[in-house]
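Enquirer: This note's numbering puts the sequence shown at residues 69 to 480. Provided herewith is a single structure, encoded as structure tokens, for subsequent inquiry.
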Amino acid sequence: MTMHWIQHNHLLVLAVLILAGSFFFCHRAQAGPYAALVAELESERPLFERNANELRYPASLTKMMTLYLVFESLAKGEITSNTVFRASRYAVLRPPSRLGLQAGNSITVEQGILALVTRSANDAAAVIAEGMAGSESAFAQLMTEKARELGMSRTVYRNASGLPDPNQVTTAWDQFRLGKSLYKDFPQYYPYFSTTQFQFQGRSFHNHNHLLKTYPGADGIKTGFVNASGFNLVASARRGGYRLIGVVFGGTSASARDAHMRDILDYGFAQLDGREYTIRTVSFDEPEPPALLSRPKLPERSGQKPSSKKKVKLADNTSPSNKGENERRKDAWQVRVGSFTAKKSAEQRLTQALKAAPYPLRHARAMVAARTKGGKKLYLAVFNGMKKEDAVAACKALKRKRIECISGKSSS
Numbered sequence: 069m070t071m072h073w074i075q076h077n078h079l080l081v082l083a084v085l086i087l088a089g090s091f092f093f094c095h096r097a098q099a100g101p102y103a104a105l106v107a108e109l110e111s112e113r114p115l116f117e118r119n120a121n122e123l124r125y126p127a128s129l130t131k132m133m134t135l136y137l138v139f140e141s142l143a144k145g146e147i148t149s150n151t152v153f154r155a156s157r158y159a160v161l162r163p164p165s166r167l168g169l170q171a172g173n174s175i176t177v178e179q180g181i182l183a184l185v186t187r188s189a190n191d192a193a194a195v196i197a198e199g200m201a202g203s204e205s206a207f208a209q210l211m212t213e214k215a216r217e218l219g220m221s222r223t224v225y226r227n228a229s230g231l232p233d234p235n236q237v238t239t240a241w242d243q244f245r246l247g248k249s250l251y252k253d254f255p256q257y258y259p260y261f262s263t264t265q266f267q268f269q270g271r272s273f274h275n276h277n278h279l280l281k282t283y284p285g286a287d288g289i290k291t292g293f294v295n296a297s298g299f300n301l302v303a304s305a306r307r308g309g310y311r312l313i314g315v316v317f318g319g320t321s322a323s324a325r326d327a328h329m330r331d332i333l334d335y336g337f338a339q340l341d342g343r344e345y346t347i348r349t350v351s352f353d354e355p356e357p358p359a360l361l362s363r364p365k366l367p368e369r370s371g372q373k374p375s376s377k378k379k380v381k382l383a384d385n386t387s388p389s390n391k392g393e394n395e396r397r398k399d400a401w402q403v404r405v406g407s408f409t410a411k412k413s414a415e416q417r418l419t420q421a422l423k424a425a426p427y428p429l430r431h432a433r434a435m436v437a438a439r440t441k442g443g444k445k446l447y448l449a450v451f452n453g454m455k456k457e458d459a460v461a462a463c464k465a466l467k468r469k470r471i472e473c474i475s476g477k478s479s480s
């Protein structure tokens with residue numbers, strides 16, 4: 069009996085170690101599908117755009133909407149910065165990142181705001197949600213309703229923190245709209261996003277958004293990470309009279325994500341100033357994209373005429389970021405993960421597939437293609453623009469999850 073107990077527990081310990089090791093390597097290696105966008109805030113003119121309307125997991129970018137609802141309640145006088153919310157047992161058991169609250173502890177609204185901006189604390193997000201709506205699920209419904217009001221047509225929220233949920237999705241364009249709304253609707257509260265440090269119960273928490281210290285003109289707003297999404301970032305920066313908002317999904321590391329964000333923001337500012345600029349970090353295929361060696365300094369706009377150099381247009385396939393793209397398309401592969409009689413079902417399958425095979429689908433372009441067969445309209449769930457090895461790996465991973473998958477060369 070004793071020997072059986074020892075063997076059983078040794079197996080249990082081994083299983084725990086294997087699971088822990090799997091999580092460790094998954095955390096380091098996985099990244100969700102890539103998407104990125106840079107647009108000028110006032111005009112909403114896109115200056116850089118990749119997969120910007122495709123569904124992605126927001127991770128802790130979710131807390132931007134949590135904060136929008138907090139700021140709205142503050143502006144209406146429904147709460148104050150000193151309003152106190154008490155932590156429930158449910159809230160304190162949220163997975164990290166956390167403040168480390170205990171059940172029964174209290175935080176003020178301002179402490180909650182700072183905890184979300186700097187620490188990205190999931191326990192604080194749950195405390196705020198419960199304090200404002202009674203439960204996190206009820207608060208998430210309010211978040212989704214607000215998203216629709218702000219024109220975020222493809223975003224769905226299921227919690228206040230961004231912890232993994234297959235039905236919690238967004239797009240780069242929707243995150244741009246949310247970032248713009250936070251800046252325009254609540255200028256009195258927007259400076260919270262530039263907070264670099266927060267003190268709570270004797271501990272110091274630093275902002276995860278490193279661009280605040282490394283990118284001139286940056287003043288917000290939020291980072292995010294879960295395994296299925298990779299490293300995400302929404303950033304805002306102002307230079308020479310222009311304000312840009314950038315969105316990046318699917319970074320392989322925080323530093324790779326930050327490097328790409330700096331690069332595409334520079335690309336955006338260069339277009340507005342009429343200068344030529346070559347993007348140096350065009351993908352996350354390498355563990356660390358090459359360092360930015362020669363980012364041009366922006367000239368002062370006062371009394372200075374724009375450069376006569378032709379501006380790079382995003383739609384122009386000869387632009388620096390699109391060099392060789394036509395050639396790559398000839399060898400591009402795609403995977404089809406199902407055909408359906410309803411478009412919504414096809415979109416749900418795309419989301420399911422992203423969760424099941426996030427790494428091989430990290431650079432794919434998700435789309436629903438309509439076809440008519442035998443007089444009936446079908447909707448195909450497809451991922452395009454893939455490398456052959458990624459397409460093959462994706463199908464292997466999806467079939468293990470019993471999800472239909474057919475790979476082959478793209479028809480276009």
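C-beta atoms are modelled at their ideal positions from N, C-alpha and C, and glycine is treated no differently.
Measure the CB-CB distance between P101 and A432 and report whether it falls below 8 Å.
Expert: Yes, they are a contact pair.
Enquirer: Using a 10 Å radius around the Cβ and a threshold of 16 neighbouring Cβ atoms, would you call A143 buried or exposed?
Expert: It is exposed - the Cβ of A143 has fewer than 16 other Cβ atoms within 10 Å.
Enquirer: Can you find at least 3 beta carbon pairs, one from the stretch 140-160 and one from the stretch 229-247, that sit closer than 8 Å?
Expert: No: the two stretches stay apart, fewer than three of their Cβ pairs being nearer than 8 Å.
Enquirer: Among the candidates E122, A206 and V106, whose CA atom is the shortest distance from the CA of L429?
Expert: Out of E122, A206 and V106, E122 has the C-alpha closest to the C-alpha of L429.
Enquirer: Give me whichever residues DSSP pairs with S475 in a beta bridge.
Expert: Answer is V403, bridged to S475.
Enquirer: Is the separation between the beta-carbon of G230 and that of V294 shorter than 8 Å?
Expert: Yes.
Enquirer: On the CB-based measure, 16 or more other CB atoms within 10 Å of its CB, does R124 come out buried or exposed?
Expert: So R124 counts as buried.
Enquirer: Of all the beta strand (DSSP E) runs that stay within the bounds of the stretch 424-449, which reach a length of 3 or more residues?
Expert: Correct list: 433-441.
Enquirer: Quick check: what's the CA-CA separation for A296 versus Q267?
Expert: Computed Cα separation, rounded: 31 Å.
Enquirer: Is A189 near R166, with beta carbons less than 8 Å apart?
Expert: Taking 8 Å as the Cβ cut-off, A189 and R166 qualify as a contacting pair.
Enquirer: Starting from G336, follow the alpha helix (DSSP H) in both directions and report where the run begins and ends.
Expert: Counting along the chain, the alpha helix (DSSP H) containing G336 begins and ends at A322 to L340.
Enquirer: Kindly indicate the opening and closing residues of the alpha helix (DSSP H) around V195.
Expert: Segment N190 to A201, the alpha helix (DSSP H) holding V195.
Enquirer: Exposed or buried, G202, counting other C-beta atoms within 10 Å across all chains shown (16 or more means buried)?
Expert: So G202 ends up on the exposed side.
Enquirer: Once DSSP output is grouped into helix, strand and coil, what is the label at F93?
Expert: Legend: pLDDT at F93 = 32, less than 50; position of this residue unreliable, value from coordinates given subsequently. In the structure shown, F93 sits in a helix (DSSP, three-state: H, G or I).
Enquirer: Using only the alpha-carbon positions, how far apart do A438 and A410 sit?
Expert: Looking at the two C-alpha atoms, the distance is approximately 10 Å.
Enquirer: Taking only the alpha-carbon atoms, compute the straight-line gap between L312 and R306 and give it to the nearest angstrom.
Expert: Distance between the alpha carbons of L312 and R306 is about 6 Å.
Enquirer: In the DSSP assignment, what are the bridge partners of Q267?
Expert: In the DSSP output, where bridge partners are listed per residue, Q267 has S272.
Enquirer: Along the chain, which unbroken stretches of the alpha helix (DSSP H) at least 4 residues long are found entirely within the stretch 113-187?
Expert: For the stretch 113-187, whole alpha helix (DSSP H) runs of length 4 or above, ordered along the chain, are 130-144, 157-160 and 177-182.
Enquirer: Any idea what DSSP makes of K290, helix, strand or coil?
Expert: Here K290 sits in strand by DSSP.
Enquirer: Can you give me the C-alpha to C-alpha distance between L250 and D287, rounded to a whole angstrom?
Expert: Approximately 13 Å, taken between the alpha carbons.
Enquirer: Roughly how many whole angstroms lie between the Cα atoms of P259 and G453?
Expert: C-alpha separation (whole angstroms): 39 Å.
Enquirer: To the nearest angstrom, how far is the alpha carbon of A324 from that of T263?
Expert: Each residue's Cα considered, the two are about 23 Å apart.
Enquirer: Give me the DSSP bridge partner(s) of M220.
Expert: In DSSP, M220 forms no bridge with anything.
Enquirer: Might you give, ordered along the chain, the residues of its own chain that have their beta carbon closer than 7 Å to the beta carbon of Q179, omitting 5 neighbours on each side?
Expert: Within the same chain, Q179 has close Cβ partners F268.
Enquirer: Compare the C-alpha of R222 against each of Q209, W241 and A208 and name the closest.
Expert: It is W241 whose Cα lies nearest to the Cα of R222.
Enquirer: Rounded to whole angstroms, what's the CA-CA distance from H278 to K445? Just pull it up for me.
Expert: Roughly 48 Å separates the two Cα atoms.
Enquirer: Quick one: is R187 buried, meaning 16 or more other Cβ sit within 10 Å of its Cβ, or exposed?
Expert: With 16 or more Cβ atoms within 10 Å of its Cβ, R187 is classed as buried.
Enquirer: On the three-state DSSP scale, how would you describe L280?
Expert: Three-state DSSP puts L280 in a helix.
Enquirer: Along the chain, where does the beta strand (DSSP E) that runs through S249 open and close?
Expert: Unbroken run through S249 is the alpha helix (DSSP H), A240 to D253; no beta strand (DSSP E).
Enquirer: Could you spell out where the alpha helix (DSSP H) holding V302 opens and where it closes?
Expert: That residue, V302, is in no alpha helix (DSSP H); its beta strand (DSSP E) goes G298 to R307.
Enquirer: Exposed or buried, which one is Q402 when buried takes at least 16 other CB atoms within 10 Å?
Expert: Buried.
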